[in-house]
Amino acid sequence: MNYDGTKESYFVFSFANESASFFGDDTPLSERYEMQLHFFSPKSFNHLSLKQSVKSILFQNGWSYPRTYTMYEEDTKKNHVVFTTSKEIKIDG
1 MNYDGTKESY FVFSFANESA SFFGDDTPLS ERYEMQLHFF SPKSFNHLSL
51 KQSVKSILFQ NGWSYPRTYT MYEEDTKKNH VVFTTSKEIK IDG
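1 is the number of the first residue of the sequence shown in my numbering; add one for each residue after it.
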């Protein structure tokens, strides 16, 4: 979740939750990963088309279609778009 670079616009991500999701004989068969992708940009940046592109890219790569919300952070003077998505992955073994 940390960005130490100098770019005006940037992404960071975090895994909000990782848990077993399907069981067989009391053994987990898959895991569910919930991820949040955060995009920060200057107030003047028009993020609408980028938002649609990110949703599409995540969905095309096996993540659920993201829920999003946008806020403006007064302290940093940046727009903050949050994409929340999840993915089920089969456990090998």
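All C-beta atoms in this analysis are idealised placements derived from N, C-alpha and C, irrespective of residue type, glycine included.
Given the structure is predicted, the values throughout are model-derived calculations rather than measurements.
Under the criterion of beta carbons closer than 8 angstroms, Leu48 and Phe11 do not qualify as touching, at roughly 16 angstroms. Only residues of its own chain outside the window of five on either side were considered, and among them Lys87 have a CB closer than 7 angstroms to the CB of Gly62, listed in chain order. Residue burial is scored here from C-beta neighbours: Met71 has fewer than 16 other C-beta atoms within 10 angstroms and is therefore classed as exposed.
Going by beta carbons, Pro28 and Ala20 fall inside the 7 angstroms limit. In this structure, Val54 lies away from Tyr69, with their beta-carbon atoms at least 7 angstroms apart. When DSSP assignments are scanned along the region 31-78, the uninterrupted stretches of alpha helix (DSSP H) that are 4 or more residues long and fall wholly within it turn out to be 48-60.
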